[in-house]
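Structure first, commentary second.
Protein chains: 2
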Amino acid sequence: MPEPRRDSRREPQDGPVLLYGIHAVEAALRNPRRAIRRLLLTENAERRLAEAIAARGVQAERVIPRDLDRRLGPDTVHQGALLETEPLPESSLAELASRTDRGPIVVLDQVTDPHNVGAVLRSAAAFGAAGLVMTRRHSPPLAGALAKSASGALDLVPVALVQNLARSLAELGELGLTRIGLDGTASETIEDQRLTGPIALVLGAEGKGLRQLTKESCDCLCRITTPGPLSSLNVSNAAAVVLHAAALHRQGRAG
Amino acid sequence: MPEPRRDSRREPQDGPVLLYGIHAVEAALRNPRRAIRRLLLTENAERRLAEAIAARGVQAERVIPRDLDRRLGPDTVHQGALLETEPLPESSLAELASRTDRGPIVVLDQVTDPHNVGAVLRSAAAFGAAGLVMTRRHSPPLAGALAKSASGALDLVPVALVQNLARSLAELGELGLTRIGLDGTASETIEDQRLTGPIALVLGAEGKGLRQLTKESCDCLCRITTPGPLSSLNVSNAAAVVLHAAALHRQGRAG
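Chains as they are written, first to last, in this note's numbering: chain A, 6 to 260; chain B, 6 to 260.
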C-alpha cells in the first residue's frame, strides 16, 4: 500500500484519513475529488453502497463487523463501512466567497466537538451554505466522528482551514462579505437582520462563545430570539436556525 | 444512604439517577421538584455552583476530578460535578397540553441517541416549548449524557413518557392539538404552516424517520425546505428550526 500523502493539516504520525458510516462513505465515493485508498465493507454495507461503488468503479475488500470494531473501537457506529482516504484539497476564502450567491459562509471559532462540527456541516449542506471556515488548530479532524455526524456533507461543503480567524474575517470583509457574529448577549436579534447578499455567520464554541478578537472582527453581533427559560443553544442548533432563516430570506420569504 | 426510590421508568438493577456537568447540576439544584441524594463536587465546581448550592441549602461532598473519572468513565465530561438524584415526577399528556399557550409540544418517535434528545430538550427550553413526549421504551434514560447535552433543560421542560405513541397522539388530538409530523418526503413544507395555537411537532429517529403508524396518527406531514444538496437534517437541528419558526409565529412574525 502506498504511503498516504502528507499535507499541512496532518501530523507526521497520522495514518490515512478514515471515514466510516454509510452516508459518509457513500458521499466520499461519489466525490471525484476524494481519493480512495482502501474500501472495507461488510456484505450488508456493500449491498447498500452497490450503486455508488459501481459508479466509482472501485473494488471493496470484504470484512465482517468485528474487523471494523477492532479497527475503530467497539463504540464506533461504522455501519459496516470504512474508507481509507486522504484529506480533500483545501478551499481558499476567495473560493468560498465566490459561492455566496447560494448561501452564507459559516465560520466556527474553535468549536472542538466533532459531532457538533459534523452537524453544522450537515445543516450547511441542507440549507445550501457556501462553505465552512474553521481554525486549523482547535478544530476536530475532517474525518471519523465529524464525517459520520456530517452524514455525507463533508464531501459536499467546501471547507477552508485558517491559521488566524481575525485575519480571515478581515479578508472576508475585503471580499465584500458582511460578518455577523452570533452572541447570546447581543442586543440586536438575528431575526431583524437581512440575511441575503454575501454574509458570513460566525459561531463560537459552547460555553466560551466568540473570542473577543473574533467579536471585534464582525460587522455586527446578534442573538437568536429565545423566549423560553434557557437562552443558549447547542452550536449546531444555532447554526441550523440561522441557515434556515437565511435560506428563507433568499427565497424572498420573511424569516 | 437510603435506597433510592424505584419507579416505573427504572429497572430494579438501576442505581440512583446520575446528573453531571455544571449546567445540568445547577438546574437540578434550582428545581425544587428534584430530590438531592448526594452532591459530589470538586473545589472548582463548588465555586462555580456556590449560588445554587446556597439557594438550595445543601452540603456538597468534596472530590477530586479523578474520583469522578473513576465513577463515570474517563471520557465523560463531568466538569467536576456529579449529583445523585431520582427521576422527576412524570408529566401527563393533559399537563403538557395545558401548557401549549407558551409553545408546541415536541413528540419524539423512538429517538435513541441521548445527545440528540438532550439537544432537543435544550432547544425546547430555549424556544419555550410546552413539553416533550417520548416512548418509555426505545428512548434514552433521563439522566447522564442526555441531561449533560440538555444543559439544564431536563429540569425546565416537562417530559411525558408513554407506552404507545399512536395512542398518545390520538389523545393529544382529543385534547385539541394539531399534530404535525416532520417527514423529509412530505410534499407540504413546514414554512407554509401556521405554527400557532396548540400544536404537537412529531419527529422521528435519524435514518428510520417516523414509523408508519406514527405518520397515520398525524393531522399533516411536512418537510423543512432544504434548498441544498442534502435533504435530511440531524433530528435536534430539525427540532430547533421548527421550534424557532413556531416562536416567531407566536410573536406575530412570519416564519
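We put the beta carbon where it would ideally sit given N, CA and C, even for glycine. Since the model is a prediction, treat every value here as computed from it, not as a measurement.
Notebook entry, point to check: So proline 203 of chain B and threonine 183 of chain B are in contact, right, with Cβ under 8 Å, and what is the actual spacing, rounded?
Noted result: Taking the second sequence and counting its residues from 1, the one referred to as residue 203 of chain B is at position 198. Taking the second sequence and counting its residues from 1, the one referred to as residue 183 of chain B is at position 178. Between threonine 183 of chain B and proline 203 of chain B the Cβ distance is about 7 Å, and since that is below 8 Å, they are a contact.
Notebook entry, point to check: Do alanine 152 of chain A and leucine 161 of chain A have their C-beta atoms closer together than 8 Å?
Noted result: For this step, residue 152 of chain A is matched to residue 147 along the first sequence. For this step, residue 161 of chain A is matched to residue 156 along the first sequence. Taking 8 Å as the Cβ cut-off, alanine 152 of chain A and leucine 161 of chain A do not qualify as a contacting pair.
Margin query: For valine 167 of chain A and arginine 142 of chain A, what's the separation of their Cα atoms in angstroms?
Written below: Indexing the first sequence from 1 puts residue 167 of chain A at position 162. Indexing the first sequence from 1 puts residue 142 of chain A at position 137. Using only the alpha carbons, I get a separation of about 8 Å.
Margin query: Could you tell me the alpha carbon to alpha carbon distance between serine 144 of chain B and glutamate 193 of chain B, rounded to whole angstroms?
Written below: Counting from 1 along the second sequence, the entry for residue 144 of chain B is found at position 139. Counting from 1 along the second sequence, the entry for residue 193 of chain B is found at position 188. Cα to Cα, serine 144 of chain B sits roughly 28 Å from glutamate 193 of chain B.
Next item on the list: Say whether the region 82-93 of chain A touches the region 35-47 of chain A, bearing in mind that this needs 3 or more beta-carbon pairs closer than 8 Å, one atom from each stretch.
Entry: yes
Margin query: Does any residue of chain A have a CB that is nearer than 8 Å to the CB of valine 246 of chain B?
Written below: Taking the first residue of the second sequence as position 1, residue 246 of chain B is located at position 241. Chain A contact via Cβ: present.
Next item on the list: Compare the C-beta of serine 241 of chain B with all C-beta atoms of chain A and state if any pair is closer than 8 Å.
Entry: The residue given as residue 241 of chain B occupies position 236 in the second sequence. Yes, its Cβ sits closer than 8 Å to a Cβ of chain A.
Next item on the list: Mind checking which residues open and close the beta strand (DSSP E) that includes proline 76 of chain A?
Entry: Counting from 1 along the first sequence, the entry for residue 76 of chain A is found at position 71. Strictly speaking, residue 76 of chain A in this sequence is arginine, with proline absent from that position. Looking at the DSSP string, arginine 76 of chain A is not in any beta strand (DSSP E); the run it does join, the alpha helix (DSSP H), is 70-77.
Notebook entry, point to check: Taking the alpha carbon of aspartate 102 of chain A as the point to measure from, which residue in A/Glu221, A/Cys225, A/Leu180 and A/Leu208 has its own alpha carbon closest?
Noted result: Start at 1 with the first residue of the first sequence, and residue 102 of chain A comes out as number 97. The identity of residue 102 of chain A in the sequence shown is alanine, whereas the question assumes aspartate. Of A/Glu221, A/Cys225, A/Leu180 and A/Leu208, the residue nearest in Cα terms is A/Leu180.
Check: Cβ of alanine 210 of chain B within 7 Å of any heavy atom in the ligand HEM?
Finding: Among the components modelled here there is no ligand, and therefore nothing to report on the ligand HEM.
Notebook entry, point to check: Which of the residues in the region 191-219 of chain A, read from start to end, lie with their CB under 7 Å from any CB of chain B?
Noted result: Glu196
Notebook entry, point to check: Under 7 Å Cβ-Cβ, which residues of chain B neighbour serine 136 of chain A?
Noted result: What you label residue 136 of chain A is simply residue 131 of the first sequence in a count that begins at 1. According to the sequence as given, residue 136 of chain A is glycine; it is not serine. Chain B residues near glycine 136 of chain A: none, gap ~12 Å exceeds 7 Å.
Note to self: Between alanine 249 of chain B and chain A, is the shortest Cβ-Cβ distance under 8 Å, so that the two count as touching?
What the structure shows: As a position in the second sequence, residue 249 of chain B is number 244, starting the count at 1. Before going further, note that residue 249 of chain B is histidine rather than alanine in the sequence given. Histidine 249 of chain B counts as touching chain A.
Next item on the list: Inspect the beta-carbon positions of glutamine 115 of chain B and alanine 210 of chain B and report whether they are closer than 8 Å.
Entry: What you label residue 115 of chain B is simply residue 110 of the second sequence in a count that begins at 1. What you label residue 210 of chain B is simply residue 205 of the second sequence in a count that begins at 1. Yes, they are a contact pair.
Notebook entry, point to check: With DSSP run on the structure shown, which of helix, strand or coil describes glutamate 211 of chain B?
Noted result: Working through the second sequence from its first residue, we reach residue 211 of chain B at position 206. Correct three-state label for glutamate 211 of chain B: coil.
Checklist line | C-alpha distance - proline 70 of chain A paired with histidine 28 of chain A, whole-angstrom precision | finding: Residue mapping note: residue 70 of chain A aligns to position 65 of the first sequence, counting from 1. Residue mapping note: residue 28 of chain A aligns to position 23 of the first sequence, counting from 1. Distance between the alpha carbons of proline 70 of chain A and histidine 28 of chain A: 17 Å.
Note to self: Counting only Cβ pairs nearer than 7 Å, list the residues of chain B close to proline 232 of chain A.
What the structure shows: For the purposes of this step, residue 232 of chain A is taken as the residue at position 227 of the first sequence. Within chain B, the residues near proline 232 of chain A are Phe132, Gly133 and Ala252.
Checklist line | Cβ contact check for the region 204-223 of chain A and the region 231-241 of chain A: 3 or more pairs under 8 Å | finding: yes
Check: With a cut-off of 8 Å, does the C-beta of histidine 120 of chain A fall near any C-beta of chain B?
Finding: Numbered from 1 along the first sequence, position 115 holds the residue referred to as residue 120 of chain A. Yes - at least one Cβ of chain B is within 8 Å of the one on histidine 120 of chain A.
Check: Got a sec: is the Cβ-Cβ distance from alanine 128 of chain B to anything in chain A below 8 Å?
Finding: Within the second sequence, the letter at position 123 stands for residue 128 of chain B. What sits at residue 128 of chain B in the sequence shown is serine, not alanine. Closer than 8 Å to some Cβ of chain A, the Cβ of serine 128 of chain B qualifies, so yes.
Checklist line | Under 8 Å from the C-beta of leucine 235 of chain A: neighbouring residues of chain B | finding: For the purposes of this step, residue 235 of chain A is taken as residue 230 along the first sequence, with counting starting at 1. By Cβ distance, chain B contributes Arg127, Ala130, Ala131, Ser156, Gly157, Ala158 and Leu161.
Item checked: Under 7 Å from the C-beta of alanine 124 of chain A: neighbouring residues of chain B -> Here the question's residue 124 of chain A lines up with position 119 in the first sequence. Going along chain B in sequence order, the residues near alanine 124 of chain A (Cβ under 7 Å) are Asn239 and Asn242.
Check: Which residue comes first and which comes last in the alpha helix (DSSP H) that contains valine 125 of chain A?
Finding: Counted from its first residue, the first sequence places residue 125 of chain A at position 120. Its alpha helix (DSSP H) spans residues 119-131.
Checklist line | Segment contact, 8 Å Cβ cut-off, at least three pairs: the region 217-227 of chain B with the region 218-238 of chain A | finding: no
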